[in-house]
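*Asks:* Start counting the sequence shown at 1; every next residue gets the next number (full-length UniProt numbering).
My questions all concern the structure below.
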Amino acid sequence: MYPQLSAIWNVPDWPSDDAWNDTKRFYVVKTSEWQESKWIYLYLELLLRANDRWSSRLYKEFLSKARIVKVAIETNIGDVKQSNERLKAKCANIYITFTGLETDPRIDEIGEHVERKAIVRRVISSTGSLTLVGKLWSGKDTTKLTRKHTPTSGEKGQSSKKRSHPY
Numbered sequence: 001m002y003p004q005l006s007a008i009w010n011v012p013d014w015p016s017d018d019a020w021n022d023t024k025r026f027y028v029v030k031t032s033e034w035q036e037s038k039w040i041y042l043y044l045e046l047l048l049r050a051n052d053r054w055s056s057r058l059y060k061e062f063l064s065k066a067r068i069v070k071v072a073i074e075t076n077i078g079d080v081k082q083s084n085e086r087l088k089a090k091c092a093n094i095y096i097t098f099t100g101l102e103t104d105p106r107i108d109e110i111g112e113h114v115e116r117k118a119i120v121r122r123v124i125s126s127t128g129s130l131t132l133v134g135k136l137w138s139g140k141d142t143t144k145l146t147r148k149h150t151p152t153s154g155e156k157g158q159s160s161k162k163r164s165h166p167y
């Protein structure tokens with residue numbers, strides 16, 4: 001893999017609570033701004049669908065219940081005069097806290113009220129190509145967990161590990 005591409009694929013961990021105070025690094029998006037920005041909700045939807053393709057038929061119901069609680073954007077352009085300009089950054093990490101997902105197969109927390117965390121890295125190249133990479137964050141390494149499946153009669157048990165994507 002090319003060195004410059006490895007930085008694109010490495011999605012960071014969730015920052016500490018104190019890190020949000022670093023206004024040169026993070027911009028906590030105002031509620032009115034992320035409500036107007038349809039792309040933030042779209043990024044969350046794409047991440048959820050990519051992580052659990054087997055249950056995408058259930059997402060129509062979930063997406064109607066999903067509520068974004070907080071959004072923060074991390075960029076390397078901390079000295080811009082208008083902080084909301086970071087919304088347009090070509091390279092950014094978007095941290096989304098949301099509710100509405102009753103269960104997450106990789107995490108034991110249950111309930112629509114539970115705040116979940118998603119991290120999406122957005123990179124727009126000089127040619128205009130968009131790359132999105134993301135992960136759900138629980139504070140645990142969810143890439144090594146397997147999905148549990150209870151077989152029905154006549155069905156063999158199976159588990160699947162998180163798939164790597166060729167793109």
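Ideal Cβ placement from N, Cα and C applies to all residues, glycine included.
Keep in mind that this is a model prediction, so the values were computed, not measured.
#1: Report the rounded CA-to-CA distance for L130 versus S16, giving the unit in angstroms.
#2: Could you give the distance in angstroms between the alpha-carbon of T97 and the alpha-carbon of V71?
#3: With DSSP collapsed to three states, give me the class of R25.
#4: Pairs of beta-carbons, one from the stretch 112-123 and one from the stretch 86-97, closer than 8 Å: are there three or more?
#5: Once the 5 residues before and after P12 are set aside, which same chain residues still bring their CB inside 7 Å of it?
#6: Following a CB-centred definition, is R86 positioned closer than 7 Å to any heavy atom of the ligand FAD?
#7: Using DSSP bridges, identify the partner residues of I94.
#8: How many angstroms separate the CA atom of S37 from the CA atom of I73?
#9: Going by CA-CA distance only, name the one from K90, W137, K135, W34 that's closest to T127.
#10: What do you get for V29, buried or exposed, if any count of 16 or more other CB atoms within 10 angstroms of its CB means buried?
#11: By Cβ distance, which residues of its chain are closer than 6 Å to R86, with the 5 residues on each side in sequence left out?
*Replies:* Looking at the atomic coordinates:
#1: 28 Å
#2: 6 Å
#3: coil
#4: Verdict: yes, contact present.
#5: N93, I119, listed in sequence order.
#6: Absence of the ligand FAD from the depicted structure is noted, as is the absence of any ligand whatsoever, leaving it without description.
#7: I73, V120
#8: 13 Å
#9: K90
#10: V29 counts as buried, since no fewer than 16 other beta carbons sit within 10 angstroms of its beta carbon.
#11: The residues Y27, I73, T75, in chain order, have a CB closer than 6 Å to that of R86 in the same chain once the five nearest residues on each side in sequence are set aside.
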